[in-house]
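S.K.: Sequential numbering of the sequence shown, starting at 12, is according to this note's numbering. We put the CB at the ideal spot given by N, CA and C, even for glycine.
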Amino acid sequence: MNISLILQMAADTMPDRIGLVCDGRRWSYNALLRAAQGVAANLESNECSFVALLDESSEAAPIALFGAALAGIPYVPLNYRLADADLGALLDRISPAYIVGDVERVKRLSPNGNHQCFARNDFVAAAEAAAEGASGEEKEGEGIAAQIFTSGTTAAPKAALLRHSNLLGYILGTVEFCSAEEDDAALVCVPPYHIAGIAALLSSIYAMRKIVMLPAFEPDAWLNLVAAEKVSSAFVVPTMLSRIILRLDEGLEADLSSLKSIAYGGGRMPLELIEKALDLFPTTNFTNAYGLTETSSTVALLGPEDHREAHTSSDPAVRARLASVGKPLPTIELEIRDEDGKLLPAGERGEIYVRGEQVSGEYRGRSALDAEGWFPTRDAGWLDEEGFLFLAGRADDVIVRGGENISPGEIEDVLSTHPAIADSVAVGVPSTEWGEAVGIAVVIKPGHATPSDDELRALIKDRLRSSRVPERIAVLPELPYNEMGKLLRREIRTLFNS
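#1: So, for T461: in the same chain, excluding its five sequence neighbours on each side, which residues have a beta-carbon less than 8 Å away from its beta-carbon?
#2: With a Cβ-Cβ cutoff of 9 Å, do I343 and T306 count as a contact?
#3: How many Å lie between G278 and R389 at the Cα?
#4: According to the neighbour-count rule (16 or more other Cβ atoms, all chains shown, within 10 Å of its Cβ), is N123 buried or exposed?
#5: Using only CA atoms, which one of T250, L475 and K271 lies nearest to L282?
#6: Short check: CB of L213 to CB of S68, under 9 Å?
#7: Under a Cβ-count criterion, where at least 16 other Cβ atoms within 10 Å of its own Cβ denotes burial, should N177 be classed as buried or exposed?
#8: Mark D11 as exposed unless 16 or more other C-beta atoms lie within 10 angstroms of its C-beta, in which case mark it buried.
#9: Could you tell me the alpha carbon to alpha carbon distance between A403 and W385, rounded to whole angstroms?
#10: How many angstroms separate the CA atom of A391 from the CA atom of E362?
#11: For F228, collect the residues of the same chain with a Cβ closer than 6 Å to its Cβ; drop the 5 residues on either side in sequence, then sort them by chain order.
#12: I want to know whether the segment 49-57 touches the segment 28-41 - three or more CB-CB distances under 8 Å.
#13: Considering only C-alpha positions, which residue in the set E396, S268 and V365 is nearest to P387?
#14: Got a sec, what are the start and stop residues for the beta strand (DSSP E) N299 sits in?
#15: Please classify K353: is it buried, with 16 or more other beta-carbons within 10 angstroms of its beta-carbon, or exposed?
#16: Mind the definition here: the segment 497-504 touches the segment 431-444 only if three or more C-beta pairs lie below 8 Å; say whether that holds.
#17: Taking the alpha helix (DSSP H) that D290 belongs to, which residues open and close that run?
#18: Mind the definition here: the segment 82-102 touches the segment 16-35 only if three or more C-beta pairs lie below 8 Å; say whether that holds.
#19: Can you tell me which of the three DSSP states E193 falls into?
#20: Evaluate E350 with the Cβ neighbour count: other Cβ atoms within 10 Å of its Cβ, from every protein chain shown; 16 or more gives buried, anything less gives exposed.
#21: Can you give me the C-alpha to C-alpha distance between A71 and K271, rounded to a whole angstrom?
#22: Buried or exposed: G398, going by 16 or more other Cβ atoms within 10 Å of its Cβ?
#23: Quick check for students: name the residue ranges of the alpha helix (DSSP H) that lie wholly in the segment 71-153, counting only runs of 4 or more.
#24: Using the DSSP secondary-structure output, state which residues sit across from N416 in a beta bridge.
#25: Would the segment 296-303 and the segment 255-267 be scored as touching if the rule is three or more Cβ pairs under 8 Å?
#26: Assuming the contact rule is C-beta atoms closer than 8 Å, I105 and A63 should be a hit. Round their C-beta distance to whole Å, please.
#27: What is the DSSP secondary structure of R479, reduced to helix, strand or coil?
#28: Check whether the Cβ atoms of S418 and V425 sit closer than 9 Å, and answer yes or no.
#29: On the premise that L101 lies in contact with V117, defined as a C-beta separation below 8 Å, what is that separation, rounded to the nearest angstrom?
#30: Looking only at DSSP bridge pairs, what is M224 linked to?
#31: For L81, which option in P107, R119, A137 and M12 has the closest C-alpha, if you only look at C-alpha atoms?
#32: Out of curiosity, what's the CA-to-CA distance linking I222 and L234?
#33: Taking Cβ to Cβ, would you say L380 is nearer than 9 Å to G367?
#34: Exposed or buried, what is P293 when buried is set at 16 or more other beta-carbons lying within 10 Å of its beta-carbon?
#35: According to DSSP, simplified to helix, strand and coil, what is L267?
#36: Kindly indicate the opening and closing residues of the beta strand (DSSP E) around I155.
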């Protein structure tokens with residue numbers, strides 16, 4: 012099957028229902044399908060190997076995604092925030108491509124790429140014009156639906172491949188077709204080049220829920236759009252939720268009575284922040300979603316009931332689950348393994364492995380799956396006795412002090428209990444004595460005095476062991492995050508190493 016089936020089913024079932032709202036324009040499911048068919052028709056006579064998007068979220072994203080699917084060509088959403096050198100390298104890797112978005116930048120950075128470039132409005136207009144003569148037939152087979160470049164740290168970004176079967180495996184296994192009411196509306200503000208953005212489009216269209224797009228996140232615009240479009244559900248990353256709550260604390264008024272649910276993910280959610288959100292939105296259902304690009308989005312969920320139970324429980328073990336990412340989806344197998352690949356029991360920390368139809372684990376030129384189909388996520392974590400999954404950062408983030416493995420998360424959890432600390436990070440720093448030791452960077456809340464180094468060391472020593480006490484401490488105005496709320500630990504390491 013082909014992911015274009017999702018849009019085709021929606022258009023066949025309720026062609027006139029509004030499926031997308033962006034910048035004031037409202038698109039029916041039939042209008043979106045016809046535009047996607049127009050894209051496929053325009054692709055028939057060219058030799059492009061990819062359909063790429065280099066732009067903010069707009070109607071061009073679903074039209075390009077489904078148009079590429081109908082044409083049997085991989086869709087490649089590109090990070091428009093990348094530095095020129097990095098973006099230029101990616102453009103050369105997908106040559107020749109049919110590119111929607113920043114025409115001038117593409118021509119400047121990849122002049123010999125033989126790309127066909129279109130500004131957003133020109134692309135949409137050409138798609139609508141070509142729709143009249145389009146056949147509407149999609150390509151068959153189990154080809155590649157999307158190629159997503161994962162964030163590079165020390166090496167070039169990997170080209171993760173998601174096949175139609177992977178994406179459909181996720182959607183068909185987690186979403187009920189046409190399950191949304193006509194007035195249900197999902198606010199999408201994550202970047203289109205992230206797997207969460209693609210998953211939001213596919214899942215909302217399959218449920219036939221109206222998508223309300225916010226091209227670039229800004230808390231005032233987000234709050235105003237929720238009120239104006241009577242948004243019922245939204246997905247945010249932790250940094251977005253923090254900024255939304257800050258604006259409400261500052262007195263910004265917004266009618267949020269329609270907001271039934273908020274899902275979050277993409278980065279570590281501070282416990283204090285989610286507790287405050289649960290108090291501020293007592294009638295809103297919260298869901299924590301954990302997943303990766305290579306797994307076609309979500310593989311584990313902490314659902315609304317789990318949130319409420321953990322938030323109100325007097326049992327420390329149950330309360331602790333508010334910091335978890337919940338349990339694996341029914342369609343996902345999940346294991347925790349040690350460095351030798353041995354299965355670990357509940358409570359022991361190791362690397363997270365997953366398996367399931369939605370799990371690709373495939374990159375351009377190679378597969379990361381083992382012989383039995385298991386994908387090593389490179390995320391560290393553990394399962395409690397009831398099967399709740401707790402994350403401990405990336406496996407590469409573990410601090411190895413004198414042969415002892417230290418999770419940065421346990422130190423950060425302790426620092427978050429200090430009344431003056433707004434944010435914190437722990438990383439490994441070079442140590443003559445131990446090979447590697449702990450370094451921490453903290454952000455101080457406005458109006459609070461900066462705690463002394465001795466106070467912070469005592470706090471950590473009292474709660475944890477002396478091996479967790481930091482050798483290096485820095486106070487920063489803010490910590491570096493990417494647009495999806497992931498903490499950029501490498502920049503903190505660079506700071507300590509400079």
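M.R.: Put simply:
#1: Here the question's residue 461 lines up with position 450 in the sequence shown. Within its own chain, the residues whose Cβ lies closer than 8 Å to the Cβ of T461, once the five positions on either side in sequence are excluded, are A431, I455 and V486, listed in chain order.
#2: Counting from 1 along the sequence shown, the entry for residue 343 is found at position 332. Counting from 1 along the sequence shown, the entry for residue 306 is found at position 295. Against a cut-off of 9 Å, the Cβ pair of T306 and I343 comes out as a contact.
#3: By 1-based counting over the sequence shown, the position of residue 278 is 267. By 1-based counting over the sequence shown, the position of residue 389 is 378. Rounded to whole angstroms, G278 to R389 spans 15 Å at the Cα level.
#4: On the sequence shown, position 112 is the one that residue 123 refers to. Counting the other CB atoms within 10 Å of its CB gives N123 a total below 16, which places it among the exposed residues.
#5: For the purposes of this step, residue 282 is taken as the residue at position 271 of the sequence shown. Of the candidates T250, L475 and K271, the one whose C-alpha sits nearest the C-alpha of L282 is T250.
#6: Sequence index remark: in the sequence shown, residue 213 carries index 202 (1-based). Sequence index remark: in the sequence shown, residue 68 carries index 57 (1-based). Going by C-beta atoms, L213 is not nearer than 9 Å to S68.
#7: What you label residue 177 is simply residue 166 of the sequence shown in a count that begins at 1. It counts as buried.
#8: Outside the modelled stretch of the chain, which goes from 12 to 509, sits residue 11, for which no answer is possible.
#9: By one-based count along the sequence shown, residue 403 stands at place 392. By one-based count along the sequence shown, residue 385 stands at place 374. The straight-line gap from Cα to Cα measures roughly 20 Å.
#10: For this step, residue 391 is matched to residue 380 along the sequence shown. For this step, residue 362 is matched to residue 351 along the sequence shown. Computed Cα separation, rounded: 4 Å.
#11: Walking along the sequence shown from the start, residue 228 turns up at place 217. The answer, listed in chain order, is C200 and M251.
#12: Short answer: they don't touch.
#13: Position 376 of the sequence shown holds residue 387. V365 is the residue among E396, S268 and V365 whose C-alpha sits nearest the C-alpha of P387.
#14: Within the sequence shown, residue 299 is the residue found at index 288, counting from 1. Residues N296 to L303.
#15: Here residue 353 refers to the residue found at position 342 of the sequence shown. Under this definition K353 is an exposed residue.
#16: With a cut-off of 8 Å, the segment 431-444 and the segment 497-504 count as touching, because enough Cβ pairs lie within range.
#17: Here residue 290 is taken as the residue at index 279 of the sequence shown, counted from 1. First-last of the alpha helix (DSSP H) with D290: L282 to L291.
#18: Three or more Cβ pairs closer than 8 Å define a contact, and the segment 82-102 falls short of that threshold against the segment 16-35.
#19: Within the sequence shown, the letter at position 182 stands for residue 193. For E193, the three-state secondary structure derived from DSSP is coil.
#20: If you number the sequence shown from 1, residue 350 lands on position 339. With fewer than 16 Cβ atoms within 10 Å of its Cβ, E350 is classed as exposed.
#21: Position 60 of the sequence shown, counted from the first residue, corresponds to residue 71. Position 260 of the sequence shown, counted from the first residue, corresponds to residue 271. The alpha-carbon atoms of A71 and K271 are separated by roughly 28 Å.
#22: By 1-based counting over the sequence shown, the position of residue 398 is 387. Within 10 angstroms of the beta-carbon of G398 lie fewer than 16 other beta-carbons, which makes it exposed.
#23: Counting whole runs of 4 or more residues, the segment 71-153 contains the alpha helix (DSSP H) stretches 71-82, 95-104, 114-120 and 131-141.
#24: Here residue 416 refers to the residue found at position 405 when the sequence shown is read from its first residue. In the DSSP assignment, N416 is bridged to V411.
#25: No, the segment 296-303 is not in contact with the segment 255-267.
#26: Mapped onto the sequence shown, residue 105 falls at position 94. Mapped onto the sequence shown, residue 63 falls at position 52. So it is a contact: roughly 6 Å between Cβ atoms.
#27: The residue labelled residue 479 in the question sits at position 468 within the sequence shown. Reduced to three states, the DSSP call for R479 is helix.
#28: Residue 418 sits at position 407 when you count from the first residue of the sequence shown. Residue 425 sits at position 414 when you count from the first residue of the sequence shown. No. Outside cutoff.
#29: Within the sequence shown, the letter at position 106 stands for residue 117. Within the sequence shown, the letter at position 90 stands for residue 101. Actually they do not touch by this definition, with Cβ atoms about 11 Å apart.
#30: Translated into the one-based positions of the sequence shown, residue 224 becomes position 213. DSSP lists C33 and V199 as partners of M224.
#31: Walking along the sequence shown from the start, residue 81 turns up at place 70. That would be M12, whose Cα lies nearest to the Cα of L81.
#32: Taking the first residue of the sequence shown as position 1, residue 222 is located at position 211. Taking the first residue of the sequence shown as position 1, residue 234 is located at position 223. When the Cα atoms are used, I222 and L234 turn out to be separated by approximately 16 Å.
#33: Within the sequence shown, numbered from 1, the residue matching residue 380 stands at position 369. Within the sequence shown, numbered from 1, the residue matching residue 367 stands at position 356. In this structure, G367 does not lie closer than 9 Å to L380 by Cβ.
#34: Taking the first residue of the sequence shown as position 1, residue 293 is located at position 282. Using a 10 angstroms sphere on the CB of P293, the tally of other CB atoms stays under 16, which defines it as exposed.
#35: Position 256 of the sequence shown, counted from the first residue, corresponds to residue 267. If DSSP states are grouped into helix, strand and coil, L267 belongs with coil.
#36: Stepping through the sequence shown from its first residue, residue 155 is reached at position 144. Per DSSP, I155 is one residue of the beta strand (DSSP E) stretching across I155 to F160.
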